[in-house]
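Residue numbers (my numbering): 1 to 396. What follows is a set of notes on a single structure, which appears directly below.
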Amino acid sequence: MKRAGVVVAAVASAVVVSAAAPVAAPTAAAVAVESVRFATFNASLNRPTEGELLSDLSTPDDPQARKVAEIVQRVRPEVLLLNEFDYVEGGAAVDAFRANYLAHGQSGADPIDYPYAYTAPVNTGVPSGMDLDNNGTIGGGNDAYGFGEFPGQYGMVVLSKYPIGETRTFQLLRWADLPGARLPDDPATPQPADWYSPVELRALRLSSKSHWDVPIDVGGRTVHFLTSHPTPPTFDGPEDRNGLRNQDEIRFWADYVTPGRGGYIYDDAGTPGGLAPGARFVIAGDQNSDPLDGDSTGARQILHAPRVLDPLPGSAGAVEASGAQGGANENQRGIPYFDTADFNDEAPGNIRVDYVLPSAPLIPLRAGVFWPTSNDELARLNDTSDHHLVWTDLLV
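Structure below.
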């Protein structure tokens, strides 16, 4: 479904939007156009045991899944990334979610249909066979290629009303293959960047989940939906292995879309190189990074990448929550309006970690964060996840 009848002005070129200024108002003659809504949502549809999510979604009665579906139905994106959706081989959990939740109107919302979907294995919970946390034992989530208690936990799904082309995946790309990789250092030794042994570095993967280049065919024009979910920059020690990995996972997309910087890149099929110069793209996902606050400011790498536009989505609900909750929110540098996640009030507080960043020549028409204020009837959906759905309408 396309969103028809939006009136905007024709513009000669797109302008990179800085954090200091909103999207510029069109200035030329107004014309009727159709827009496409791209969105990302860390829906927290993860479960502690393997198979539990599929079991929950096999009936239409799971309370959290019903709320997730209602949020999607209220916002109605045409192209959607769901983070933290446990991977099940063959896409069975995705099919169950579409059939038992999205296809049924939730609390008065209209059903929504996504005829196209993409999901694939991720690194979370995949045993590495190595002692990656250096605690003297091998096994458990910290020693998996990406933290997880079973393979596929915290996976990803792309849902689309438009056809999906041949996807490039980068699950196996090694961290050490990034030129100038930010490898963690063992503070107990004099050698630099030696937290991981040479044997471990020959196997350790960059992506804690995966990086996907999902081509979306929008009326004959391809938009590359660049999706990922970098590790949280916490839950480690003074070596900062997760914080450094978070920054390099984000850096991957900056290199991928920058001509001349993707020569080291290879996908899981062995095809080398980054994105073709001039290709349209949208970077989306929970980056676990705020450009100003929190434990990682790695998001700046994609915000400042060539041709990337920041439509600056926000919400009044985020402003209200920041003021009411106080704590770490009181001393943040960022503007609460742009927050997308409601984290612990002691640290890091509410921050912006979820992004939908289009490239020129795509034109952002409007953007927002689904975070209703307390006097809104839909505020009952605010506890669905600690993240909020972020969307951007684009002229493709």
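All C-beta atoms, glycine included, are put in the ideal place defined by N, C-alpha and C.
Within 10 Å of its beta-carbon, does residue i have 16 or more other beta-carbons around it, so buried, or fewer, so exposed?
i: Glu166; result: exposed
i: Asn375; result: exposed
i: Thr392; result: buried
i: His224; result: buried
i: Gly105; result: exposed
i: Ala144; result: buried
i: Arg98; result: buried
i: Ile71; result: buried
i: Gly349; result: buried
i: Pro364; result: buried
i: Ile138; result: exposed
i: Asp177; result: exposed
i: Val199; result: exposed
i: Pro163; result: exposed
i: Glu377; result: exposed
i: Gly368; result: buried
i: Gly317; result: buried
i: Pro232; result: buried
i: Asp110; result: exposed
i: Ser315; result: buried
i: Asn382; result: buried
i: Gly274; result: buried
Between which two residues does the alpha helix (DSSP H) containing residue i stretch?
i: Trp391; result: Counting along the chain, Trp391 falls outside any alpha helix (DSSP H), though it belongs to the beta strand (DSSP E) covering Val390 to Leu395.
i: Pro364; result: Not the alpha helix (DSSP H): Pro364 falls in the beta strand (DSSP E), residues Ile363 to Val369.
i: Asp95; result: Ala92 to Phe97
i: Val72; result: Pro63 to Val75
i: Leu53; result: Glu52 to Leu57
i: Ile397; result: The requested residue 397 is not part of the displayed model; the chain covers only 1 to 396.
i: Ile138; result: Here Ile138 belongs to no alpha helix (DSSP H), and DSSP marks it neither H nor E.
i: Asn246; result: Arg241 to Val257
i: Glu84; result: Counting along the chain, Glu84 falls outside any alpha helix (DSSP H), though it belongs to the beta strand (DSSP E) covering Val79 to Phe85.
i: Leu159; result: Taken as a continuous stretch (DSSP letters only), Leu159 belongs to no alpha helix (DSSP H), being part of the beta strand (DSSP E) at Met156 to Ser160.
i: Asp319; result: At residue 319 the sequence reads Val, which differs from the Asp that was named. Unbroken alpha helix (DSSP H) run through Val319: Ala316 to Gln325.
Between which residues of its own chain and residue i is the CB-CB distance below 6 Å, once the five residues before and five after are set aside?
i: Asp236; result: Asn242
i: Ser453; result: As shown, the chain starts at 1 and ends at 396. That puts residue 453 outside it, with no answer to give.
i: Asn398; result: Outside the shown range of the chain, which is 1 to 396, sits residue 398, and nothing can be said about it.
i: Ala25; result: With a pLDDT of only 38 at Ala25, under the threshold of 50, the placement of this residue in the model should not be trusted, and no figure is reported.
i: Asp194; result: Asp186
i: Leu183; result: Ala193
i: Phe85; result: Leu45, Gly155 and Val157
i: Gly141; result: Phe147, Gly148 and Glu149
i: Gln406; result: The structure shown has nothing for residue 406, since the chain only spans 1 to 396.
Please go through the same chain and pick out, in chain order, the residues whose beta-carbon is closer than 8 Å to the beta-carbon of residue i, but skip the five residues on each side of it.
i: Thr297; result: Ser289, Asp290 and Pro291
i: Thr384; result: Ala43, Ser44, Gln64, Lys67, Val68 and Ile71
i: Ala379; result: Gly317, Pro372 and Thr373
CA-CA distance, residue i and residue j?
i: Asn344; j: Gly219; result: 43 Å
i: Tyr256; j: Leu45; result: 29 Å
i: Leu82; j: Pro190; result: 42 Å
i: Ser359; j: Thr340; result: 21 Å
i: Glu50; j: Phe252; result: 29 Å
i: Gly263; j: Asp62; result: 46 Å
i: Ile216; j: Pro361; result: 16 Å
i: Ala93; j: Pro192; result: 44 Å
i: Arg76; j: Pro306; result: 29 Å
i: Tyr196; j: Gly136; result: 13 Å
i: Pro238; j: Gln153; result: 26 Å
i: Gln325; j: Ser107; result: 28 Å
i: His388; j: Phe281; result: 22 Å
i: Ile112; j: Glu149; result: 32 Å
i: Phe170; j: Glu52; result: 27 Å
i: Ala328; j: Glu320; result: 15 Å
i: Tyr116; j: Arg47; result: 24 Å
i: Ile283; j: Thr271; result: 21 Å
i: Asp240; j: Gln247; result: 11 Å
i: Thr373; j: Asp386; result: 15 Å
i: Thr119; j: Lys161; result: 15 Å
i: Arg74; j: Pro179; result: 43 Å
My assumption, with CB atoms under 8 Å, is that residue i sits in contact with residue j. Please give the rounded CB distance.
i: Met130; j: His229; result: Not really, about 22 Å apart at Cβ, beyond 8 Å.
i: Tyr266; j: Leu201; result: Their Cβ separation, rounded to whole angstroms, is 17 Å, which puts Tyr266 and Leu201 out of contact at 8 Å.
i: Thr124; j: Ser208; result: 7 Å
i: Phe41; j: Val79; result: Not quite, the Cβ-Cβ distance comes to about 12 Å (not below 8 Å), so this is no contact.
i: Leu204; j: Asp213; result: Leu204 to Asp213, Cβ: 22 Å. No contact.
i: Ala299; j: Tyr337; result: Wrong, their Cβ atoms sit about 16 Å apart, outside the cutoff.
i: Asp293; j: Arg333; result: 6 Å
i: Pro151; j: Asn100; result: Contact doesn't hold; Cβ gap of about 24 Å is too wide.
Using a Cβ-Cβ distance cut-off of 8 Å, determine whether residue i contacts chain C.
i: Asn382; result: In the structure shown, chain C does not exist; there is a single protein chain.
Ends of the beta strand (DSSP E) at residue i?
i: Tyr116; result: Tyr116 to Tyr118
i: Arg280; result: Arg280 to Asp286
i: Pro358; result: Asp354 to Pro358
i: Pro215; result: Trp212 to Val218
Please list, in chain order, all residues of the same chain as residue i whose beta carbon is under 7 Å from its beta carbon, the five residues on each side excluded.
i: Thr401; result: With the chain represented from 1 up to 396, any question about residue 401 goes unanswered, as that position is not in the structure.
i: Val353; result: Asp286, Gln287, Asn288, Ser289, Asp290, Thr340 and Ala341
i: Asp295; result: Pro233, Thr234, Gly243 and Pro348
Under 7 Å from any heavy atom of the ligand GDP, does the C-beta of residue i make it?
i: Gln106; result: Because no ligand of any kind appears in the structure shown, any question about the ligand GDP cannot be addressed here.
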